[in-house]
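Comments concern the structure below.
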Amino acid sequence: MSPTQNITDILMVGATGSIGRLAVAAAQRHGLHPRALVRDVRRAERLLPGVELVQGDLEDPASLRSAVRGVDALVLTHGSGSNPDARRRVDYGGVRNLLQSLDGARPRVALMTSIYATRSDIPGNSPWKRRSERLLRASGLPYTIVRPGWFDNAGPTQRRLVLEQGGTVDGGIARDQIADTLIRSLLSSTALGKTFELIAAEGEEQSDWAELFGALKVDDSGSVDGVLDPADLAFEAEPQEVLADLNTVRSLYGTSG
Ligand SMILES: NC(=O)c1ccc[n+]([C@@H]2O[C@H](COP(=O)([O-])OP(=O)(O)OC[C@H]3O[C@@H](n4cnc5c(N)ncnc54)[C@H](OP(=O)(O)O)[C@@H]3O)[C@@H](O)[C@H]2O)c1
């Protein structure tokens with residue numbers, strides 16, 4: 294399958310969350326067929342009426358195999374809160390477990406992380422989202438990584454999308470715009486292989502998505518970092534677990550380091 298054509302079936306991870314629910318709705322608006330990975334089916338039936346549900350937990354790799362089967366794309370908006378160990382197990386470990394469950398399939402991936410993904414100077418920030426991005430890039434799967442700013446921390450007239458790279462921008466954006474950007478990224482070839490921060494500024498939302506994505510630089514192929522990311526979080530200092538996961542992903546996908 295070409296990376297941007299024939300995307301119909303999408304596994305939505307984090308579908309019951311504040312962004313995930315809007316991403317499911319955005320997928321439906323675009324005529325796509327979302328399948329939601331959920332931990333608690335009865336709760337999800339209330340939150341996502343009429344949506345196809347598949348039971349699974351990001352911490353349980355065996356539960357993910359049937360969830361990913363046959364999908365054309367993954368939209369990852371899961372999140373675990375502020376506990377550093379939960380971030381390791383869910384925010385990062387969930388991406389690792391999904392990549393390891395794909396069994397040779399090569400779906401398009403839209404991954405939501407955070408505007409602070411590379412900001413080691415922010416107190417309390419943890420590197421697990423950046424590490425999850427690195428795993429995805431190492432897989433060589435066709436991806437877009439969206440690093441949104443503060444959710445709904447933008448006024449009603451701040452709808453102009455600002456896509457930046459380099460990890461220095463700060464600001465807020467409406468949740469619905471984050472969700473729509475994730476889905477739009479799946480449908481645009483100009484979003485392929487790109488990583489960007491996303492905020493909103495005063496003004497109207499643009500309509501030319503190919504141009505919006507097209508103005509961004511592509512991540513360097515062969516690098517596990519975003520194209521303008523700071524050169525910290527050096528491999529020499531990374532935990533063995535993280536290096537082993539990168540090697541496992543590379544050998545599963547036949548990519549080199
Ligand atoms: N708040 C901000 O301004 C901001 C800005 C940028 C980035 N972020 C990032 O955005 C994320 C939060 O997004 P959100 O508000 O949509 O989150 P949310 O409402 O808390 O939803 C989190 C989603 O992840 C799912 N999840 C958690 N653990 C899981 C597991 N083990 N297996 C499967 N699914 C699991 C949850 O499922 P259940 O329903 O089963 O719990 C839920 O669907 C955080 O990671 C945060 O760092 C936040």
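Here the sequence shown stands for residues 294 to 550, where the numbers follow the working numbering.
Using N, Cα and C, we set each Cβ at its ideal position, and we do this for glycine too.
On a predicted model such as this, the values are computed, not experimentally measured, just so you know.
Excluding the 5 residues flanking it on each side, residue 302 has same chain C-beta neighbours closer than 7 Å at 326, 328, 363, 364 and 365, in chain order. Counting only runs that start and end inside the stretch 445-484, the alpha helix (DSSP H) elements of at least 4 residues fall at 468-479. For residue 489, the distance from the CB to the nearest heavy atom of ligand 1 is not below 6 Å. By the Cβ-count criterion, residue 307 is buried, with 16 or more other Cβ atoms from all chains shown falling within 10 Å of its own Cβ.
With a threshold of 16 other beta carbon atoms within 10 Å, residue 416 falls short and is exposed. Ranked by Cα distance from residue 491, the options 530, 535, 446 and 518 are led by 446. Here residue 313 has 305, 307 and 370 as same chain residues with Cβ atoms under 7 Å from its own Cβ, once five neighbours each way along the sequence are excluded. Counting along the chain, residue 546 sits inside the alpha helix (DSSP H) bounded by residues 533-546. Residue 429 holds the alpha-carbon nearest to the alpha-carbon of residue 535 among 375, 429 and 315. The stretch 511-518 and the stretch 382-402 do not touch, with fewer than three beta-carbon pairs separated by less than 8 Å.
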